[in-house]
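Chemist: Heads up: the protein sequence lines correspond to chains Y and D, in order. Under my numbering, the first residue of the first sequence carries the number 5, and numbering increases by one thereafter. Under my numbering, the first residue of the second sequence carries the number 5, and numbering increases by one thereafter.
2 protein chains.
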Amino acid sequence: MSVTAPQGFEAAGVVAGLKSTGKPDVAVVVNRGPRKVGAAVFTSNRSKANPIIWSQEVVKDGVVEAVVLNSGGANCFTGAFGFQTSHLTAEHAADLLGVSAGDVVVCSTGLIGSGDEVFRGKVLAGVEAAVGQLSADGGQAAAEAIMTTDTVAKTVAVTRSGWTIGGMAKGAGMLAPGLATMLVVLTTDAELDAAEAHALLLRATGQTFDRLDSDGCMSTNDQVTLLANGASGIRPDLDEFAAALTELSDELARMLQDDAEGASHAISIEVVHAQDEQDAVEVGRAVARNNLFKAAIFGNDPNWGRVLAAIGTTAAVFDPYDVDVWMNGVRVCTAGGPDRPREEVDLTPRATHVLIDLKAGEAAATIRTNDLTHDYVHENSAYAS
Amino acid sequence: MSVTAPQGFEAAGVVAGLKSTGKPDVAVVVNRGPRKVGAAVFTSNRSKANPIIWSQEVVKDGVVEAVVLNSGGANCFTGAFGFQTSHLTAEHAADLLGVSAGDVVVCSTGLIGSGDEVFRGKVLAGVEAAVGQLSADGGQAAAEAIMTTDTVAKTVAVTRSGWTIGGMAKGAGMLAPGLATMLVVLTTDAELDAAEAHALLLRATGQTFDRLDSDGCMSTNDQVTLLANGASGIRPDLDEFAAALTELSDELARMLQDDAEGASHAISIEVVHAQDEQDAVEVGRAVARNNLFKAAIFGNDPNWGRVLAAIGTTAAVFDPYDVDVWMNGVRVCTAGGPDRPREEVDLTPRATHVLIDLKAGEAAATIRTNDLTHDYVHENSAYAS
Chain Y
5 MSVTAPQGFE AAGVVAGLKS TGKPDVAVVV NRGPRKVGAA VFTSNRSKAN PIIWSQEVVK
65 DGVVEAVVLN SGGANCFTGA FGFQTSHLTA EHAADLLGVS AGDVVVCSTG LIGSGDEVFR
125 GKVLAGVEAA VGQLSADGGQ AAAEAIMTTD TVAKTVAVTR SGWTIGGMAK GAGMLAPGLA
185 TMLVVLTTDA ELDAAEAHAL LLRATGQTFD RLDSDGCMST NDQVTLLANG ASGIRPDLDE
245 FAAALTELSD ELARMLQDDA EGASHAISIE VVHAQDEQDA VEVGRAVARN NLFKAAIFGN
305 DPNWGRVLAA IGTTAAVFDP YDVDVWMNGV RVCTAGGPDR PREEVDLTPR ATHVLIDLKA
365 GEAAATIRTN DLTHDYVHEN SAYAS
Chain D
5 MSVTAPQGFE AAGVVAGLKS TGKPDVAVVV NRGPRKVGAA VFTSNRSKAN PIIWSQEVVK
65 DGVVEAVVLN SGGANCFTGA FGFQTSHLTA EHAADLLGVS AGDVVVCSTG LIGSGDEVFR
125 GKVLAGVEAA VGQLSADGGQ AAAEAIMTTD TVAKTVAVTR SGWTIGGMAK GAGMLAPGLA
185 TMLVVLTTDA ELDAAEAHAL LLRATGQTFD RLDSDGCMST NDQVTLLANG ASGIRPDLDE
245 FAAALTELSD ELARMLQDDA EGASHAISIE VVHAQDEQDA VEVGRAVARN NLFKAAIFGN
305 DPNWGRVLAA IGTTAAVFDP YDVDVWMNGV RVCTAGGPDR PREEVDLTPR ATHVLIDLKA
365 GEAAATIRTN DLTHDYVHEN SAYAS
């Protein structure tokens, strides 16, 4: 499992003292080759953290030797000092690994505005400790070191046709489009060139991580990185590889959704018969971001009126008086009016399914989200303290 | 105070049995002339309730004789039967008042999907009772009859240069752009023609009710109606009237914000030095809708990083590394980095002021919102039950 499942990858996770809890907080993932192909997608937030600004430059040439990740501080809006910290982190890891700093990606997560000299010192020491502990079975330790409010480490792996893909993810709050407060590292020993890796990553994230919208808030630090080393010696069938990468990304996205801060329901909003996929995504996202709908699901209340009110804020093609809404298999609204009684809907299971039939075409999409709970408010009302 | 403050208006509020609490739930406001000028603005939600669909037609000719309002049921997504109910409500009021049904506006608020035969019967009986109790001092009773989760009746009045404007509003949740779950009736005895009334109403609502965004959720039933009868015999100076109408609308918007469901902070987000007003509104709204920011304010946490993360989701002109953020008078972020210590910010007062300096121009705007609290989640998780 995890990022060390494919051949030719090493990882480690160590305690650097960034977290007040004393839990692991610095991870390093190294690609031992033979190829050093890397691709990444980043938050679409215009307010980007220093590690994002650094890493965007690193991946431009399609070569990535290593990924350094830390929890316990986002190093975002920490001024020029903060950008130097990201730069120094990459340089320090590169020196220790004997590679170029320009091939080391840096990822940070934690409180925005935190990243002072103490932070920098701990990160650099953590990198040194982690490089000293790199091993081919360090994937689990790395996954644990990137956890923030996550309650479980999130790792996956799949083997097909002689090649393997592994992955780890962290993220539990601020999950949103153009990604979420998620840090994800995917590794594979399949032979891919940089253009293929980039295209395959975009295809997979577009249908998985980009459709996870836990609380509508877009992070400053999100990054999904794919490393490919060709150590298996096998050129994958690209369609087969794309399907596997998407499946595995979807599995990680599901894990992120299941572990979202304070959530008591994991809600899948499936939009069918949309005129096009963009409409389906827009409608699903509008419902996923509607606080009234989300609070109703928390209260096990099949309040379909709030679904229709949310759809009405979109520009999608639909007739508000010809939409059907199903909740957990019960059609509660037909053609813009009440259908089955609310009492028939059982919303007590954690997994919740809302089906919206727009009757406008043949496209479909599913958005994953969570309910709005007391625990969500509690966890996010004292994050900085 | 209230809608009967100007000359030539009568109102009433009665118990029709729509609310399970037995509180007043049907109101009628009648314009006794001499002029019967009316203008209204409606929710921009594409999923519109039956009373909205009805009332949009009524106001087209600029003539409104009366407004019938009910709480205890939104009559939204109740099928063709529901539209007939709105129509019958107007007809019944018109018959009793000796006017045309096409000049009677109908407003409803309550649960979406509720509006069956029992509802219709109670509304029609309530209209009859209310018309029987119409009086020139019925404004307060009317304001009480439109309350839902409001804790106080919201009324205002102002007299200037021989003419008077009065108003009442209800709304406590689902406050959002393109209006909110708000029903507002404004009355005046100034002499205005229909075009003037419409233009003045748009000008006032655009800067007040449209900038109230309590929870980002747009209602299906919102309506603000202005009635003008010229009973004072005075043609107002239009600039003076516009200023008074805007001031009074702002006061009602402030009352709605102060009474928002479950809120513990009334937050004013003031955006200054924006390139244009549209940018200022977009930035203010993005922050107002950020659940993480709103939860932080609930926890008295001056988490300015979440403000910058929210700004980053907009298309406004700004440099994320050259933005200043103030909270309750303390500059917590300068040029994209930490400034004064968080400890200096006192967020315990209910009135909260966030100042965002975009350093991109000379425009400004203020958006009113609320924090995200346990009580908000609680009130909205069992609304239907």
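All C-beta atoms in this analysis are idealised placements derived from N, C-alpha and C, irrespective of residue type, glycine included.
#1: In whole angstroms, what separates the C-alpha of alanine 386 of chain Y from that of aspartate 379 of chain Y?
#2: Starting from the Cα of serine 59 of chain Y, find the closest Cα among Y:Gly303, Y:Ala173, Y:Ser236 and Y:Leu187 and give me that residue.
#3: For lysine 174 of chain D, count neighbouring C-beta atoms within 10 Å of its own C-beta (all shown protein chains included) and say buried if the count is 16 or more, exposed if not.
#4: Please report the residue range of the beta strand (DSSP E) in which asparagine 74 of chain D lies.
#5: Kindly indicate if chain Y contains any beta-carbon less than 8 Å away from that of tryptophan 330 of chain D.
#6: Please list the segments of the beta strand (DSSP E) lying wholly inside the region 120 to 188 of chain Y, counting only runs of 3 or more residues, in order along the chain.
#7: Excluding the 5 residues preceding and the 5 following proline 240 of chain D in the sequence, name in chain order all residues of the same chain whose CB lies nearer than 6 Å to its CB.
#8: Look at the Cβ atom of alanine 149 of chain D, then the Cβ atom of proline 28 of chain D, and state whether they are nearer than 8 Å.
#9: Given a cut-off of 8 Å on the beta-carbon distance, is the pair threonine 155 of chain D and isoleucine 169 of chain D in contact?
#10: Are three or more beta carbon pairs between the region 18 to 37 of chain D and the region 195 to 207 of chain D nearer than 8 Å?
#11: List the residues of chain A whose Cβ lies closer than 8 Å to the Cβ of histidine 378 of chain D, in chain order.
#12: Any heavy atom of the ligand MN closer than 7 Å to the CB of arginine 239 of chain D?
#13: Measuring only the C-alpha atoms, how far is valine 72 of chain Y from alanine 98 of chain Y?
#14: Could you pull the DSSP bridge partners for arginine 335 of chain Y from this structure?
#15: How is arginine 346 of chain D classed by DSSP in three states: helix, strand or coil?
#16: Express the C-alpha separation of asparagine 35 of chain Y and proline 10 of chain Y in angstroms, rounding to a whole number.
#17: What does asparagine 49 of chain D touch in chain Y if you count any residue whose Cβ is under 7 Å from its own?
#18: Quick check on the DSSP output: the alpha helix (DSSP H) that includes glutamate 274 of chain D runs from which residue to which?
#19: Taking a cut of 7 Å between CB atoms, which residues from the region 75 to 108 of chain D lie near chain Y?
#20: Of all Cβ atoms in chain D, is any one closer than 8 Å to the Cβ of aspartate 283 of chain Y?
#21: Could you run through the region 216 to 250 of chain D and flag, in chain order, every residue whose CB is less than 8 Å away from some CB of chain Y?
#22: Against chain Y, does leucine 296 of chain D count as a neighbour if the rule is that its beta carbon must be under 8 Å from one of theirs?
#23: Using three-state DSSP, classify threonine 93 of chain Y as helix, strand or coil.
#24: Label alanine 140 of chain Y either buried or exposed according to how many other C-beta atoms from any shown protein chain fall within 10 Å of its C-beta, with 16 as the threshold for buried.
#25: Could you pull the start and end residues of the beta strand (DSSP E) that phenylalanine 297 of chain Y belongs to?
#26: Which chain D residues sit within Cβ distance under 7 Å of isoleucine 271 of chain Y?
#27: Taking only three categories from DSSP, how would you classify glutamate 61 of chain Y?
#28: At a CB-CB cut-off below 9 Å, which residues of chain Y make contact with glycine 341 of chain D?
#29: Do asparagine 79 of chain Y and leucine 22 of chain Y have their C-beta atoms within less than 8 Å of each other?
#30: Tell me the DSSP secondary structure of glycine 234 of chain D in three-state form.
#31: Please tell me whether glycine 125 of chain D has its Cβ less than 8 Å away from any Cβ of chain Y.
#32: Please look up how many angstroms separate the CB atoms of leucine 128 of chain Y and histidine 96 of chain Y, rounded, as I've assumed it's under 8 Å.
Modeler: Judging by the given coordinates:
#1: As a first step, residue 386 of chain Y must be located in the first sequence, where it is residue number 382. As a first step, residue 379 of chain Y must be located in the first sequence, where it is residue number 375. The straight-line gap from Cα to Cα measures roughly 11 Å.
#2: Indexing the first sequence from 1 puts residue 59 of chain Y at position 55. For the residues Y:Gly303, Y:Ala173, Y:Ser236 and Y:Leu187, the minimum Cα distance to serine 59 of chain Y belongs to Y:Leu187.
#3: Translated into the one-based positions of the second sequence, residue 174 of chain D becomes position 170. Label assigned to lysine 174 of chain D: buried.
#4: Locating residue 74 of chain D in the second sequence gives position 70, counting from the first residue. Taken as a continuous stretch (DSSP letters only), the beta strand (DSSP E) holding asparagine 74 of chain D covers 70 to 74.
#5: Here residue 330 of chain D refers to the residue found at position 326 of the second sequence. Taking Cβ atoms only, chain Y never reaches closer than 8 Å to tryptophan 330 of chain D, which makes this a no.
#6: 158 to 164 and 167 to 174
#7: Walking along the second sequence from the start, residue 240 of chain D turns up at place 236. These residues qualify, in order along the chain: Trp167 and Ala194.
#8: In the second sequence, the residue the question calls residue 149 of chain D occupies position 145. In the second sequence, the residue the question calls residue 28 of chain D occupies position 24. Taking 8 Å as the Cβ cut-off, alanine 149 of chain D and proline 28 of chain D qualify as a contacting pair.
#9: The residue given as residue 155 of chain D occupies position 151 in the second sequence. The residue given as residue 169 of chain D occupies position 165 in the second sequence. Not closer than 8 Å, so no.
#10: no
#11: Structure shown: chain A not included; protein chains present are Y and D.
#12: Within the structure as shown, the ligand MN is missing, as the structure has no ligands at all.
#13: Walking along the first sequence from the start, residue 72 of chain Y turns up at place 68. Walking along the first sequence from the start, residue 98 of chain Y turns up at place 94. Their Cα atoms are separated by approximately 10 Å.
#14: For this step, residue 335 of chain Y is matched to residue 331 along the first sequence. In DSSP, arginine 335 of chain Y forms a bridge with Y:Trp330.
#15: By one-based count along the second sequence, residue 346 of chain D stands at place 342. Helix.
#16: The residue given as residue 10 of chain Y occupies position 6 in the first sequence. The residue given as residue 35 of chain Y occupies position 31 in the first sequence. Their backbone Cα atoms lie some 10 Å apart in a straight line.
#17: Taking the first residue of the second sequence as position 1, residue 49 of chain D is located at position 45. Here the neighbours are Ala313, Gly316 and Thr317.
#18: Here residue 274 of chain D corresponds to residue number 270 of the second sequence, with the count starting at 1. Note, glutamate 274 of chain D: premise wrong, no alpha helix (DSSP H); beta strand (DSSP E) at 270 to 278.
#19: Answer in chain order: Cys80, Phe81, Thr82 and Gly83.
#20: Here residue 283 of chain Y corresponds to residue number 279 of the first sequence, with the count starting at 1. With 8 Å as the cut-off, aspartate 283 of chain Y does not count as an interface residue toward chain D.
#21: Asp219, Gly220, Cys221, Met222, Ser223 and Thr224
#22: Sequence index remark: in the second sequence, residue 296 of chain D carries index 292 (1-based). Yes, leucine 296 of chain D counts as interfacial toward chain Y.
#23: Locating residue 93 of chain Y in the first sequence gives position 89, counting from the first residue. Three-state result, threonine 93 of chain Y: helix.
#24: Position 136 of the first sequence, counting from 1, holds the residue named residue 140 of chain Y. Answer is exposed; the Cβ neighbour count stays below 16.
#25: As a working mapping, residue 297 of chain Y is identified with position 293 in the first sequence. No beta strand (DSSP E) contains phenylalanine 297 of chain Y, which is instead part of the alpha helix (DSSP H) from 295 to 302.
#26: Locating residue 271 of chain Y in the first sequence gives position 267, where the first residue counts as 1. Per Cβ cutoff of 7 Å: no residues; isoleucine 271 of chain Y is ~14 Å from chain D at best.
#27: Position 57 of the first sequence, counted from the start, is the residue given in the question as residue 61 of chain Y. Glutamate 61 of chain Y falls in the helix class under three-state DSSP.
#28: As a working note, residue 341 of chain D is residue 337 in the second sequence. What glycine 341 of chain D touches in chain Y: Phe81, Thr82, Gly83, Ala84, Phe85, Gly86 and Gly117.
#29: Along the first sequence, read from residue 1 onward, the residue named residue 79 of chain Y stands at position 75. Along the first sequence, read from residue 1 onward, the residue named residue 22 of chain Y stands at position 18. No, Cβ-Cβ distance for asparagine 79 of chain Y and leucine 22 of chain Y is not below 8 Å.
#30: Locating residue 234 of chain D in the second sequence gives position 230, counting from the first residue. In this structure, glycine 234 of chain D counts as coil in the three-state DSSP scheme.
#31: Position 121 of the second sequence, counted from the first residue, corresponds to residue 125 of chain D. Cβ-Cβ to chain Y under 8 Å: no for glycine 125 of chain D.
#32: The count along the first sequence starts at 1 and reaches residue 128 of chain Y at position 124. The count along the first sequence starts at 1 and reaches residue 96 of chain Y at position 92. Correct: roughly 5 Å between the Cβ atoms.
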